[in-house]
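Q: Here it is, the structure in full.
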């Protein structure tokens, strides 16, 4: 018998020091929220065009979802899966996300694999019908898992027959990028967007100070730290976000290692990535969680362009040097820094 899953949020924006005022000479503020991409999305926008810009963001996020949802039958991703074995025409958006995910897959040695969907489904993480698959079943499913078999052309995607893709490790990050682009098109210079485990910050807070982005403590319901950032994306993947427990109390989380088909188990309980690109941070957060600390550090040195904060199962925080000056520890965990 499988117990009910426990869900936990990953990031939220600390708004305590933000003055929400639309009167006098202060810029107006508009805050709204909605459900999309299997999560609650919260938007806070400042400026004269705040309300119209926020509504434009919602439309854009819903458009991205309509293209990349793995469950919506009319999405481009569903079409790719249904027509496996044939070449499918896709939008610029879907092509860009698939290309980026495949690139991270290559750079991470396959730690991120968008063709892992059949394995994730077998565990029940896409349906809610949770179960522990037997080894033979996983071995058979893994024969159809290989990101290298996906071929992307100019607005085309070819997926071999029997394979399926899922862009859940990248689509929200891209939606965050597009949200920022829409805000800029509407003249907005200050905004914060939370897409579940993804936070996208545009500019700084009114007054010029950086946003306070809180990262959850994976061992309790409090905040582990604050990151003071602006014009940045922050994405966290953790083993506490979505999981189920067996009768004997063992936890099985949703981040699957493509190497063996089981939940990643390498000493990491949380991986937070910060950078300019939401798409890249989203994909990297999953890949780095699967890779573990040692391989993640190697990728950080080789690739560059992002910073990371890892939490280990023995309650240690490991962060790269680019986050040192913007990091405030709210926990009692020991902190170590990785330098280049």
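Numbering (our numbering), first residue to last: 47 to 386.
All residues carry an ideal CB built from backbone N, CA and C; glycine is no exception.
1) Just how far apart, CA to CA, sit residue 384 and residue 125?
2) Indicate whether residue 225 and residue 143 have their beta-carbon atoms separated by less than 8 angstroms.
3) Out of 75, 74, 90, state which residue places its alpha-carbon closest to the alpha-carbon of residue 240.
4) Rounded to a whole number of angstroms, what is the C-alpha to C-alpha distance between residue 382 and residue 116?
5) Quick one: what's got a C-beta closer than 6 angstroms to residue 209's C-beta in the same chain, skipping five residues either side?
6) Identify, in the order they occur along the chain, each residue of the same chain with its Cβ nearer than 6 angstroms to the Cβ of residue 92, setting aside the five sequence neighbours on each side.
7) Output the distance between the C-alpha atoms of residue 196 and residue 255, rounded to the nearest integer angstrom.
8) Where residue 306 and residue 165 are concerned, what is the direct C-alpha to C-alpha distance, given to the nearest angstrom?
9) Are residue 215 and residue 82 touching if we call contact CB-CB under 8 angstroms?
10) Using the Cα positions of residue 213 and residue 244, report the straight-line distance between them to the nearest angstrom.
11) Which ranges would you report for the beta strand (DSSP E) in the region 250-290 if only whole runs of at least 3 residues count?
12) Sorted by chain position, which residues of the same chain lie with C-beta nearer than 7 angstroms to residue 105's C-beta, five sequence neighbours on each side aside?
13) Tell me, which residues are paired with residue 317 by DSSP?
14) Return the first residue and the last residue of the alpha helix (DSSP H) that residue 335 is part of.
15) Along the chain, which unbroken stretches of the beta strand (DSSP E) at least 3 residues long are found entirely within the region 59-147?
16) Relative to the alpha-carbon of residue 136, which residue among 185, 204, 324 has its alpha-carbon at the smallest distance?
17) Enumerate in chain order the residues of its own chain whose CB-to-CB distance from residue 370 is below 7 angstroms, with the five nearest sequence positions on each side excluded.
18) Buried or exposed: which applies to residue 374, given that a residue is buried once 16 or more other Cβ atoms fall within 10 Å of its Cβ?
19) Apply the 10 Å Cβ neighbour rule to residue 69 and answer buried if 16 or more other Cβ atoms are within range, or exposed otherwise.
20) Within 10 angstroms of the Cβ of residue 218, are there 16 or more other Cβ atoms? Answer buried if so, exposed if not.
21) Taking a contact to mean a Cβ-Cβ separation below 8 angstroms, would you say residue 153 touches residue 273 in this structure?
22) Of all the options 362, 376, 355, which has the alpha carbon lying nearest to the alpha carbon of residue 368?
23) Between the Cα of residue 365 and the Cα atoms of 326, 290, 270, 287, which residue gives the shortest distance?
24) Does the region 259-266 come close enough to the region 298-314 that 3 or more CB-CB pairs lie under 8 angstroms?
25) Which same chain residues, not among the five before or five after residue 151, have their C-beta less than 6 angstroms away from its C-beta?
26) Which value, in whole angstroms, describes the spacing of the CA atoms of residue 170 and residue 302?
27) Helix, strand or coil: which one does DSSP assign to residue 247?
A: According to the data block:
1) 43 angstroms
2) no
3) 90
4) 39 angstroms
5) 130, 161, 190
6) 73, 75, 236, 252
7) 44 angstroms
8) 10 angstroms
9) no
10) 15 angstroms
11) 257-262, 269-275, 278-284
12) none
13) 283, 356
14) 324-337
15) 75-82, 85-92, 133-135
16) 204
17) 383
18) exposed
19) A caution first: residue 69 carries a pLDDT of 39, below 50, which makes its placement in the model unreliable, though a value can still be read off. Exposed is the call here.
20) buried
21) no
22) 355
23) 270
24) no
25) 158, 159, 193
26) 12 angstroms
27) strand
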